[in-house]
Amino acid sequence: MNECTSFHRCIQNFLNRQRKRLENKHGRLPQAYEDHCRTAIALSDHATYLLETLYIKRESLSNAIQSFESTCENSIQVIKSNLESSSLGSILQKILTHLFVQYIRIRDGFVLLTSGECRHHADAEIAKNEKRFPSKLGSLSKRNDGYTTLFSSKLGYSGYGWDEFHNEEVGVRRRLLDSLRMCCRYPTHSASSSSMHSEMEEKFLDGAEASASRDKLWDKLYESGAEAFETAFDRHENEMKNLQRKLETIRSNMTCDVEKLLSYHRESVRIIMVTEDKFERLQLKNAGTLLGLSEFTIQRQGDAFRGLDKRGALPSNADKSEWMKIMELPEEFKKVFDKKRRPLKSSSNDSKSN
1400 MNECTSFHRC IQNFLNRQRK RLENKHGRLP QAYEDHCRTA IALSDHATYL LETLYIKRES
1460 LSNAIQSFES TCENSIQVIK SNLESSSLGS ILQKILTHLF VQYIRIRDGF VLLTSGECRH
1520 HADAEIAKNE KRFPSKLGSL SKRNDGYTTL FSSKLGYSGY GWDEFHNEEV GVRRRLLDSL
1580 RMCCRYPTHS ASSSSMHSEM EEKFLDGAEA SASRDKLWDK LYESGAEAFE TAFDRHENEM
1640 KNLQRKLETI RSNMTCDVEK LLSYHRESVR IIMVTEDKFE RLQLKNAGTL LGLSEFTIQR
1700 QGDAFRGLDK RGALPSNADK SEWMKIMELP EEFKKVFDKK RRPLKSSSND SKSN
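Letter by letter, the sequence shown follows residues 1400 to 1753 in this note's numbering.
Next up, the structure:
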């Protein structure tokens, strides 16, 4: 990504200017200063890795949502073709369960790219093996921004979620800016007690003055090459919001379509879907004569659902065809759907032969 190349160049130019200024004033700089510079470069590498991965994974997420829409449409056709079947109740349970699981997986993909929480064992394993860019979010006892409080992870964090960069306490952005601030001054070797030195470092890193210093430094970086990098994050956030709206529209349309189909031939069937994170629930109500049950419910509670795909919640570079394979209906329903499509395929071939 050009934005990442520009950002790297911006950080390197900043460090070169600070090094030259300090060398002119103090001469050769100590090893401690070199360590600060290496930390800053490593954090800038993490920042660009993070942005590039978000873009790759978001493309996979977009393809997953498109495939989910197609799977919902195929499922509606299967239900429609079985409205008079004595097995309709069983078919409905299997279809709705299948769609619910796909929906949950996509939702977990959103979480992976937002908080970075790993809900699939494969994502946790991938994060563990990516030793260059470990997550620091696990060091937070509780998230307090009101949006990601629920996203505490027992499996750990990916190292590339939105929060990994923007978290105000341990995010890459804050740690990078603090490292760059350290590179703006000659390393101090305090002769006072270690506790006094620790207090000075704490004041340098925390508080309103430190926050204002970070903001001022980011503004300087923004003006000297980091603008495109920040704009890329804004663009990603907007795209994520659009994808979220699209997913919920597909979900809403699917439940409405199933209700209409069932209510046309039977009583007023209701499908209720709760979308609260980690407590998602799909409930089929008023279907007593339809299913022989008072109601049918499938739900996730807390960490009860764990994805098992070895490629994680959002396989990198997965196109729509790959996602269609992941979300394909059970074999028994594929046959029903293929029968529905076969005449169309045959007529197409006939027209070609003519």
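In this text, a Cβ means the ideal position worked out from N, Cα and C, and glycines have one as well. In this text, all values refer to a predicted model and were calculated from it rather than measured experimentally.
Practice item. Would you mind giving the Cβ-Cβ distance between S1715 and I1503, rounded to the nearest angstrom? I have them listed as a contact below 8 Å. Key: 20 Å between Cβ atoms; not a contact.
Practice item. In angstroms with no decimal places, state the Cα-to-Cα distance between N1401 and D1507. Key: As the crow flies, the alpha-carbon of N1401 is around 29 Å from that of D1507.
**Study point:** heavy atom of the ligand HEM below 7 Å from R1408 C-beta
**Key:** Looking at this structure, you won't find the ligand HEM or any other ligand, since it has none at all.
Exercise for review: Note down, in chain order, each residue of its chain lying with its Cβ closer than 6 Å to the Cβ of A1463, except the 5 sequence neighbours on either side.
Suggested key: Around A1463: I1505, W1722.
**Study point:** Run of the beta strand (DSSP E) containing L1683, from where it starts to where it stops
**Key:** Counting along the chain, the beta strand (DSSP E) containing L1683 begins and ends at 1680-1684.
Practice item. Measuring alpha carbon to alpha carbon, tell me which of P1586, I1670, C1582, S1597 ends up nearest S1651. Key: Nearest C-alpha to S1651: I1670.
Check your understanding: Can you tell which of T1513, K1493, N1685 has its C-alpha closest to the C-alpha of H1635?
Key -> The residue with the shortest Cα to Cα distance from H1635 is T1513.
Exercise for review: Would you mind working out which of T1470, R1580, I1494 sits nearest L1421, comparing C-alpha positions?
Suggested key: It is R1580 whose Cα lies nearest to the Cα of L1421.
Practice item. Would you mind giving the Cβ-Cβ distance between F1509 and Q1643, rounded to the nearest angstrom? I have them listed as a contact below 8 Å. Key: Right, their Cβ atoms sit about 7 Å apart.
Point to revise | Cα-Cα separation, T1653 to K1479 | key: According to the sequence displayed, residue 1653 carries Met and not Thr. About 13 Å.
Practice item. Within its chain, find whatever has a CB closer than 8 Å to the CB of I1649; leave out the 5 residues flanking it on each side and keep chain order. Key: Only I1464, F1467, E1468, C1471 meet the Cβ criterion.
Check your understanding: Are the beta-carbon atoms belonging to L1604 and D1562 less than 8 Å from one another?
Key -> Taking 8 Å as the Cβ cut-off, L1604 and D1562 do not qualify as a contacting pair.
**Study point:** Status (buried if at least 16 other CB within 10 Å, exposed otherwise) for T1452
**Key:** Note on T1452: 16 or more other CB atoms within 10 angstroms of its CB, so buried under the neighbour-count rule.
Point to revise | Inter-residue CB distance, L1442 and R1574 (contact presumed, cutoff 8 Å) | key: Contact between L1442 and R1574 holds: their C-beta atoms lie close to 6 Å from each other, under 8 Å.
Exercise for review: Compute the distance between the beta-carbons of N1481 and I1475, then report whether it is under 8 Å.
Suggested key: Going by C-beta atoms, N1481 is not nearer than 8 Å to I1475.
Exercise for review: Report back the beta-carbon spacing between R1699 and A1521 to the nearest angstrom; my notes put them in contact at under 8 Å.
Suggested key: At roughly 18 Å, the Cβ-Cβ gap does not stay under 8 Å, so R1699 and A1521 are not in contact.
Point to revise | Residues bridged to G1406 [DSSP beta-bridge criterion] | key: Note on identity: in this sequence residue 1406 is Phe, with Gly being the wrong assignment. Note: F1406 sits in no beta bridge, so no partner.
Practice item. Work out the CA separation of F1564 and L1450 for me, nearest whole Å. Key: Taking the Cα positions, L1450 is about 9 Å away from F1564.
Exercise for review: Would you check if the distance between the CB atom of S1459 and the CB atom of A1717 is smaller than 8 Å?
Suggested key: Their beta carbons are under 8 Å apart, which means S1459 touches A1717 by this criterion.
Exercise for review: Can you say whether S1589 is buried or exposed, counting buried as having 16 or more other CB atoms within 10 angstroms of its CB?
Suggested key: With a pLDDT of 49 at S1589, under the threshold of 50, the modelled position of that residue is not reliable, and the figure given next carries that caveat. With fewer than 16 Cβ atoms within 10 Å of its Cβ, S1589 is classed as exposed.
Review point. Using CA coordinates, which residue listed in R1418, V1500, S1486, T1447 is at the minimum distance from T1696?
Key: Looking from the CA of T1696, the closest CA among R1418, V1500, S1486, T1447 belongs to V1500.
Check your understanding: Taking the alpha helix (DSSP H) that T1447 falls in, what are its first and last residues?
Key -> Annotation for T1447: the continuous alpha helix (DSSP H) segment containing it runs 1430-1480.
Point to revise | Minimum length 4: unbroken alpha helix (DSSP H) runs contained in the segment 1631-1672 | key: Segments of the alpha helix (DSSP H) lying fully in the segment 1631-1672: there are none.
Point to revise | Beta-carbon proximity list for V1673, same chain, < 7 Å, skipping 5 on both sides | key: Taking C-beta separations shorter than 7 Å and ignoring five residues to either side along the sequence, the partners of V1673 in its chain run E1679, R1680, following chain order.
Practice item. Go through its chain and collect everything with a Cβ distance to H1407's Cβ below 7 Å, but skip five positions before and after it. Key: In its chain, beyond the 5 residues on either side, S1443, T1447 have a beta carbon closer than 7 Å to the beta carbon of H1407.
Review point. To the nearest angstrom, how far is it from the Cα of N1641 to the Cα of K1424?
Key: Roughly 52 Å separates the two Cα atoms.
Check your understanding: Roughly how many angstroms lie between the CA atoms of G1488 and N1473, to the nearest whole one?
Key -> Distance between the alpha carbons of G1488 and N1473 is about 18 Å.
Exercise for review: Just grab the DSSP bridge partners of I1697 for me.
Suggested key: DSSP lists L1681 as partners of I1697.
Point to revise | Alpha carbon of P1729 to alpha carbon of L1495, nearest angstrom | key: Looking at the two C-alpha atoms, the distance is approximately 12 Å.
Exercise for review: State buried or exposed for L1707, treating a residue as buried only when at least 16 other CB atoms are found within 10 Å of its CB.
Suggested key: Exposed is the call here.
**Study point:** Nearest candidate by alpha-carbon position, reference C1517, set E1600, T1438, K1677
**Key:** Here the closest residue by C-alpha is K1677.
Check your understanding: Is it right to say R1427 is buried, meaning 16 or more other beta carbons lie within 10 angstroms of its own, or is it exposed?
Key -> Using a 10 angstroms sphere on the CB of R1427, the tally of other CB atoms stays under 16, which defines it as exposed.
Practice item. Could you check what DSSP says for E1516 in three-state terms: helix, strand or coil? Key: Three-state DSSP puts E1516 in a strand.
**Study point:** Spatial distance of I1410 from K1645 (CA atoms)
**Key:** The straight-line gap from Cα to Cα measures roughly 37 Å.
Exercise for review: Report all residues from its chain with a CB closer than 8 Å to the CB of S1484; omit the five preceding and five following residues, and keep chain order.
Suggested key: Scanning its chain for C-beta atoms nearer than 8 Å, with the 5 sequence neighbours on each side dropped, one finds around S1484 the residues I1490, in chain order.
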